[in-house]
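K.L.:
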Amino acid sequence: MKKFIYSCLFLAMAAITFSSCEDVPAPYNMPTEDETPEVQPAGTGTAADPFNVAGVEKYIDEGGSAETEVYVKGKVVSVVQGSWDANYGSLKYYISEDGTATNQFYVFNGYAGPNRTKFSGEDALKQGDEVVICGKVDSYNGTKEFLVGNYIVSLNGVGGTDTPGTPSGEAKGTGTEADPFNSVAANNLAASLESSKVSDKEYYIKGKIQEIKDQFAAQFGNATFYIADDEKSQKFLIFRTYYFGGEKWKEGDGQLKVGDEVVVCAKLINYMGNTPETNQGGKLISVNGKTSIEGGSEKPDTPSTGDTTTPNGNFETWVDGKPNNWKTASTAGNASVAQSTDAHSGKYSVKVGGSTTANKRLGYKEMELKAGTYKIKYYVKAATATGASVQSGFVPVTEGKVGDYKYSGYINNISNTEWTLVEQELVIPSDGTYCIVIMNSKEPGGDVLIDDLTLTLGETVIIK
0 MKKFIYSCLF LAMAAITFSS CEDVPAPYNM PTEDETPEVQ PAGTGTAADP FNVAGVEKYI
60 DEGGSAETEV YVKGKVVSVV QGSWDANYGS LKYYISEDGT ATNQFYVFNG YAGPNRTKFS
120 GEDALKQGDE VVICGKVDSY NGTKEFLVGN YIVSLNGVGG TDTPGTPSGE AKGTGTEADP
180 FNSVAANNLA ASLESSKVSD KEYYIKGKIQ EIKDQFAAQF GNATFYIADD EKSQKFLIFR
240 TYYFGGEKWK EGDGQLKVGD EVVVCAKLIN YMGNTPETNQ GGKLISVNGK TSIEGGSEKP
300 DTPSTGDTTT PNGNFETWVD GKPNNWKTAS TAGNASVAQS TDAHSGKYSV KVGGSTTANK
360 RLGYKEMELK AGTYKIKYYV KAATATGASV QSGFVPVTEG KVGDYKYSGY INNISNTEWT
420 LVEQELVIPS DGTYCIVIMN SKEPGGDVLI DDLTLTLGET VIIK
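For the sequence shown, position 109 matches number 108 in numbering that gives the first Met the number 0, and the numbering has no gaps at all.
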């Protein structure tokens, strides 16, 4: 009995002792506790004082404008696998303060430099690379991100236009008629201007056409293209320049082509402070040393006859250089069109002109359509290595005015090496007058070929 009582007393004392020890505070933090301080917002979003990631997130949270370009500095966390495409050259990737996955910020379809400078591939950026990015930011579906069109200003302290693999060159010329700027000199002067301020005088610029963004067309009469000394030199953007003598281009005038050596006269501008270019309204001075382009516009022979009673979904019937029935009385069809002998079947297809500044639409003439689910089918092919992106749609037309356009989703990554079949549905909500349209997206904005289009409602064929 006595042993039992001693045992109970011993256990009670032990319990008191351990309870007391638990109440003693530890003299130091346990090693498992997180001691990383929270990163505070910093920067003003300018080129001289970029936001950090916390700063740009605060900017968005506080209602900062999604129409204003800002600068953000951070380190690359990762590149989204499969986001690079040779046609577009942009990348999707994440940045953070220190290159870790903590507090990431999404960069959507970013470029390697201004003027949509392409990345060389997914390996162009590596984890830990320090970048300064310029672009518009917003919260999209709950994700704070850079919007499409953003670009790198510097990579690991090196300016975005001087990153490895980016063309450069030597500035030449004084900008006079006798001694024109080359592309590098024109870039340098335009870049030195204040944001969106136009130079006070015109300059002469000379170079070989490297890429045509918007070919001359009758609708606006101007063209947009890049020039440089050669393919290894820095490119300069000639924006919406007019034809010889400052006149608008018209049907029958000659067209430019890649490789032509041109001299242009125009004022310069540093558009939005990040895109050196000619100001709209310049003029062609010479092409390959001449003040005219020989041969006029290059067009394949246009059929002088054709069955104009057919809907012409196969683009075999052309009248006055246009595909019969593919012209709208409204503004639904706003693209420049041309006949092409690169056809999916038959002799011809239609080439729909593209633009990097606006979506362009091929429109079928206004028709009375009943409510229902229509099936549209056609073949599409990019006209150049730039690639193409299209989507099918329709728009109601009331007293000659268009309403809201409705589309059935993008068909992306269209190549110039093979024809791609497109099959989509168009749901017409009510009986009325409509235009069926094929939209040629401004991203990437290249010309696109279309052929063998059919539109059906059940067993009824509307266009073929």
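Ideal placement from N, C-alpha and C gives every residue a C-beta, glycine not left out.
Quick caveat, the model's predicted, so the values are computed rather than measured.
(1) Nearest-angstrom Cα distance between CYS20 and THR101?
(2) Just to confirm my understanding: we take PRO428, look at its own chain, exclude 5 residues before and 5 after, and list those with CB closer than 8 Å. What are they?
(3) If we ignore side chains and look at the alpha-carbon of each, how far apart do VAL147 and PHE393 end up?
(4) Taking the CB atoms as reference points, tell me whether VAL136 and SER95 lie closer together than 7 Å.
(5) Between VAL197 and LYS266, is the Cβ-Cβ spacing less than 7 Å?
(6) Pick helix, strand or coil for LEU188, following the three-state DSSP scheme.
(7) CB-CB under 6 Å to GLY141, same chain, minus the five flanking residues each way: which ones, in chain order?
(8) Going by DSSP in three states, ILE292 sits in which element: helix, strand or coil?
(9) Are the beta-carbon atoms of VAL546 and LEU124 separated by less than 7 Å?
(10) May I ask you to verify whether the stretch 393 to 411 touches the stretch 419 to 433, counting CB pairs closer than 8 Å and requiring at least 3?
(11) For the putative contact between SER231 and TYR225, defined by C-beta atoms under 8 Å, what is the C-beta separation to the nearest angstrom?
(12) Relative to the C-alpha of GLY320, which residue among GLY332, LYS364, GLU250 and LYS380 is closest?
(13) From ASN278 to THR67, what distance separates their C-alpha atoms?
(14) Cutting at 7 Å between CB atoms, please list the residues of its own chain near SER194, excluding the five before and the five after it.
(15) Which same chain residues, not among the five before or five after GLN218, have their C-beta less than 8 Å away from its C-beta?
(16) Alpha carbons only, please: which of THR99, LYS256 and THR223 is nearest the one belonging to TYR241?
(17) Can you have a look at GLY258 and say buried or exposed, based on whether 16 or more other CB atoms are within 10 angstroms of its CB?
(18) Tell me the residue span of the alpha helix (DSSP H) that contains GLY54.
(19) Below 6 Å CB to CB, which residues in the same chain sit around ILE284 once its five sequence neighbours on both sides are set aside?
(20) Is it buried or exposed, GLU176, if we count other Cβ atoms within 10 angstroms and call 16 or more buried?
(21) At 3 residues or longer, what runs of the beta strand (DSSP E) sit wholly inside the stretch 305 to 374?
(22) Whole angstroms is fine: what's the gap from LEU456's alpha carbon to PHE118's?
(23) Mind checking GLY156: buried by the 16 CB within 10 Å criterion, or exposed?
(24) Cα-Cα, which of ALA357, THR432 and GLU169 is closest to SER182?
(25) Let me confirm a value: ALA25 is counted as buried when at least 16 other C-beta atoms fall within 10 Å, else exposed. Which label applies?
P.N.:
To lay it out plainly:
(1) Only weak support is given to the placement of CYS20: the predicted model assigns it a pLDDT of 45, under 50, and the question is left unresolved by the model.
(2) ALA370
(3) 26 Å
(4) no
(5) yes
(6) helix
(7) none
(8) coil
(9) The structure shown does not extend to residue 546, since the chain is modelled only from 0 to 463, so the question has no answer here.
(10) yes
(11) Looking at the sequence itself, residue 231 is Lys, so the reference to Ser does not match. The pair is not a contact, with the Cβ atoms about 13 Å apart (cut-off 8 Å).
(12) GLU250
(13) 21 Å
(14) ASN269, MET271 and GLY272
(15) ASN333 and SER335
(16) THR223
(17) exposed
(18) 52 to 60
(19) VAL262 and CYS264
(20) exposed
(21) 336 to 339, 348 to 351, 359 to 362 and 366 to 368
(22) 44 Å
(23) exposed
(24) GLU169
(25) Residue placement at ALA25 cannot be trusted, given a pLDDT of 45 that sits under 50; the coordinates are not used to answer.
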